[in-house]
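According to my numbering, the sequence shown is numbered sequentially starting from 703. Note that beta-carbon positions come from the ideal geometry of N, C-alpha and C, so glycine has one too. This structure is a prediction, so every number in the text was calculated from the model and none was measured. Reading through the structure tokens given below for one structure.
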Amino acid sequence: MTPRFVTLTSALALLAGPALAQDMNFNRIASFPVAANTPDAEETSAEIIAATGDGMTLIYSDSPAGVIGFIDITDPANPVAAGTFALPNGEPTAVSALGQTVFVAENTSESFTNPSGVLHAIDAGTREVLASCDLGGQPDSTAVAPDGSFITVAIENERDEDAGDGRVPQMPAGHLVIQPLGDGGAMDCAEQIRVELTGLADIAPEDPEPEFVDVNAGGDIAVTLQENNHIVVVSSAGEVLSHFHAGSVTLEGVDTEEEGALTFDGTLADVPREPDALQWIDADHFVVANEGDMDGGSRGFTVFRRDGTVVFESGLAFEYAVAEIGHYPEGRSGNKGVEPEGMEFGTFGGVPMLFLLSERGSVVGVYDMTDPAAPVLAQFLPSGISPEGVIAIPERNLLATANEFDGRGDGAAPAHVMIYEYQSAPAVYPHLTSAGTDGLIGWGAISGQVMAEDGTIFAVSDSFYGMQPTIFHIDVSQTPARIVDAIRVTREGQPAQLMDMEGIALDGEGGFWVASEGRSDRIIPHAIYHIGADGAIKDTIALPNELLAVETRFGFEGITRVGDMLYLAVQRPWRDDPANHAKVLGYNLGTEEWSVIHYPLTEPATGWVGLSEIVAHGDHLYFVERDNQLAGAAVTKLITRVPLAAMEGMVALGETPAVLAPETVVDLMPYLTSTGGYVLDKVEGLAIAEDGTMWVSTDNDGVEDHSGETMFFAIPPM
């Protein structure tokens, strides 16, 4: 096979679009797998993150491994593992920094009813413990005063979700710690102040559970009591200055069912905000992320004055915006949706900005907070799975997120720290959006695609949305590319079920041929569907008995049409195929005859290698060939091709197939790492324009154990 690679440099320009020198945006520049710091740990995580005063070292808490991890970001585009500090007795719950002193909150609790914790001050260079102070309970979050005069700790004494129906009150009560700091962050434990917060909340006033703290420039502390749905403002001396109920929100037009469809038509009445993270915006305003816990979670954020007056409520705007970029977690619809949890505030280029983390949507919303009463969504940034912590480093124009989910045991991505730079450059992400349509179009799990004669693309969603199979119409002349219509696939007027659409071709008459991957154990048939322009199924072509006798669940992954011939790529070998050989099937629409030829798959380094797409263009058939690996384990992500003339070697079913000789056209690995992230495994879509431009897309698995990131990019003609 003779490689014919296109150059990467010219292609990457199409990812970003036209540059405007005056534009300032955040773009991801690096991803750091935290397992690089703890290679022997069975499970790792990156939860809360901080940075040393010079901005050259990131520090994150890793609860499963029981360590604090360090990352050298002297060159932020090339982060380097800088080792760990193992906690002596328990797990880290939070980390903050002042200069070169790192403060670590350690949970040393024996039980829910006997909580305990310690605050350590550690030298970031020598890793020497400078001081340790008892906290009198189980710590959650920490925050250092902007002037460095103290650090405050929320002592949650969290509830046992298996006791008392998982509800508060569950004693002992939580409290707030204020630990004064001397030069260089020195701690004298005897100076510690403990602030009781009992008797303030309307819900379980005897059992406050402080969740998150932040300190403003004047030294005032704001703390959320999540389970109590309450917020308290405390002075640096420990005096309660104000407190108030966080309130509730009624949500109309919300997806409340986890039924395999994106249906934003439900109502949730009087949902308690139950805020988690909190950040001061200025001396008088702060913003909270309404994650929810026992009863609530309003799926957005709220800006309060310090006296409890609501000056802005996002409602469902954040969740809708997440859905427009394909990050809505349908599997969480019945719970708390996108679940905003963590946040950070920082000023970049004179603009005050809020960075809001969607734990379940795995994305960062960047808001311009110039007017606290009218936040403006400026950007979305792709994150790893389940971002938990975020740190702004304005003096270096950097932002970093800690993404806690380690999915290696289930074939998903490991935990990562991701680094972004505020640049004079266009925003690279998202690559695809449905923003701007008359009604909300949620989407995800994009699979096969085809280029229309007018230069637009039609793409199908796969079985993740089995109750709402959809053909998306995409305008690629815009940046980012835009979904302009959603054609719902129906059978006798109802959403067509028992389909797993993996490939799509044009029928030449305004409709489509769609290949559905079967799954016999779920009664999903391998089939070809003829679908009209309105989405109605007109006809079904079932597999003949000769194929049904040897099929496996790894079926059709692409379809293309050349005249009266439909060609279909089968993902992996079926029971009658030689090792590492996949079928390419032909179906003659005129004679209704099937034929077959073999595609020789690349020998897998790990896992398996299969076909994900087939596209006819010019005198060739193009294939996407990929392994099922991601991040550092990924090896094979290719676009290959064979001459159309080679398909004359197809034989009838039952005969011995010839073997194609594909040539490699594009190695996709450089493209998959071009935006600073880890390699995504599922390259599933390919469409080729008349001039030879190749549009490639990845499947985000419906944001199920996935970051939700969809890459949708163009490779210029060779």
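Distance between T1338 and D885 (C-alpha atoms, nearest Å): Answer to the nearest angstrom: the Cα atoms are 54 Å apart.
Should the segment 831-840 be regarded as contacting the segment 808-823, the criterion being three or more beta carbon pairs within less than 8 Å? Between the segment 831-840 and the segment 808-823, the count of C-beta pairs closer than 8 Å reaches three or more; the two stretches touch.
The beta strand (DSSP E) with L1058 in it runs from where to where? For L1058, the uninterrupted beta strand (DSSP E) segment begins and ends at 1053-1060.
Would you kindly work out how many angstroms separate the C-alpha atoms of A1127 and R730, rounded to a whole number? Whole-angstrom Cα-Cα distance: 12 Å.
Quick check on DSSP: helix, strand or coil for Y1231? In this structure, Y1231 counts as strand in the three-state DSSP scheme.
On the CB-based measure, 16 or more other CB atoms within 10 Å of its CB, does E1090 come out buried or exposed? So E1090 counts as buried.
Distance check for M1045 and Y1231, CA to CA, integer angstroms please. Roughly 46 Å separates the two Cα atoms.
Compare the C-alpha of R1224 against each of D1236, M1201, E793 and name the closest. The shortest C-alpha separation from R1224 is found at M1201.
Distance, I857 Cα to V942 Cα: Between V942 and I857, the C-alpha separation is close to 16 Å.
Going along the chain, which residues of its own chain have a beta-carbon closer than 7 Å to the beta-carbon of Y1069, five neighbours each way excluded? Taken in chain order, the residues that qualify are M1055, L1056, L1058, P1077, V1078, L1079, A1080.
Find out if the Cβ-Cβ distance for the pair F914, Q881 is shorter than 8 Å. It is not a contact, given that the beta carbons lie outside the stated cut-off.
Would you tell me roughly how many angstroms separate the C-alpha atoms of E929 and D972, rounded to the nearest one? CA-CA distance, E929 to D972, rounds to 16 Å.
On the DSSP bridge assignment, give the partners of G1081 in chain order. Checking the displayed sequence, the identity of residue 1081 turns out to be Gln instead of Gly. In DSSP, Q1081 forms a bridge with V1068.
Under 8 Å, with one C-beta from each stretch per pair, do the segment 1097-1116 and the segment 750-766 reach the 3-pair mark? Segments in contact, yes.
Going by DSSP, what residues sit across from H947 in a beta bridge? Bridge partners of H947: H932.
Do G1002 and F1020 have their beta-carbon atoms positioned less than 8 Å apart in this structure? Taking 8 Å as the cut-off, the beta carbon of F1020 is found closer than this to the beta carbon of G1002.
Mapping DSSP to helix, strand and coil, what is Y1022? Here DSSP, grouped into helix, strand and coil, assigns Y1022 to helix.
Starting from the C-beta of V1186, find all residues in its chain whose C-beta is less than 6 Å away, skip the five residues before and the five after it, and write them out in chain order. Here the set comprises H1175, D1177.
Beta carbon of T1400 nearer than 8 Å to that of V1367: In this structure, V1367 does not lie closer than 8 Å to T1400 by Cβ.
Using CA atoms only, rank isn't needed, just tell me which of E808, D842, T844, L800 is closest to D825. It is L800.
Cross-strand partners of Y1324 (DSSP beta bridge): For Y1324, DSSP records a beta bridge to V1317, R1343.
Pull up the distance between the alpha-carbon of I1189 and that of Y1030, whole angstroms please. Spanning the two alpha carbons is a distance of roughly 19 Å.
Three-pair Cβ contact test at 8 Å for the segment 1112-1119 versus the segment 1351-1362: With the cut-off at 8 Å, the segment 1112-1119 and the segment 1351-1362 do not touch.
Range covered by the alpha helix (DSSP H) that runs through P1372: Per DSSP, P1372 belongs to the alpha helix (DSSP H) from 1371-1374.
If you draw a straight line from the alpha carbon of G1017 to that of A1023, how long is it in whole angstroms? Take the alpha-carbon of G1017 and the one of A1023: they are about 11 Å apart.
Check whether the segment 1000-1015 touches the segment 867-882, counting contact only when three or more Cβ pairs, one atom from each stretch, lie closer than 8 Å. At 8 Å Cβ cutoff, the stretches do not touch.
How far does the beta strand (DSSP E) with E1259 in it reach, from first residue to last? Boundaries of the beta strand (DSSP E) harbouring E1259: 1258-1264, taken from the DSSP string.
With a Cβ-Cβ cutoff of 8 Å, do A752 and P848 count as a contact? The answer is no: Cβ separation not under 8 Å.
Assuming A1284 and R1277 are in contact, meaning their beta carbons sit under 8 Å apart, how far apart are those beta carbons, in whole angstroms? Between R1277 and A1284 the Cβ distance is about 13 Å, and since that is not below 8 Å, they are no contact.
Endpoints, beta strand (DSSP E) assigned at N809: N809 -> beta strand (DSSP E) spans 803-809.
Any heavy atom of the ligand FMN closer than 7 Å to the beta-carbon of V1311? Judged by which ligands are present, the structure shown has none, so any question about the ligand FMN falls away.
Residues sharing a beta bridge with C835, DSSP: Answer is L821, bridged to C835.
Beta-carbon separation of A767 and T754 under 8 Å? Result no, Cβ atoms of A767 and T754 do not sit closer than 8 Å.
Taking only three categories from DSSP, how would you classify D984? It is coil, neither helix nor strand.
Residue span of the beta strand (DSSP E) that contains N1290, given as start and end: 1283-1290 is the extent of the beta strand (DSSP E) around N1290.
Excluding the 5 residues flanking N791 on each side, which residues of the same chain have their C-beta closer than 8 Å to its C-beta? Here the set comprises E808, T810, V820.
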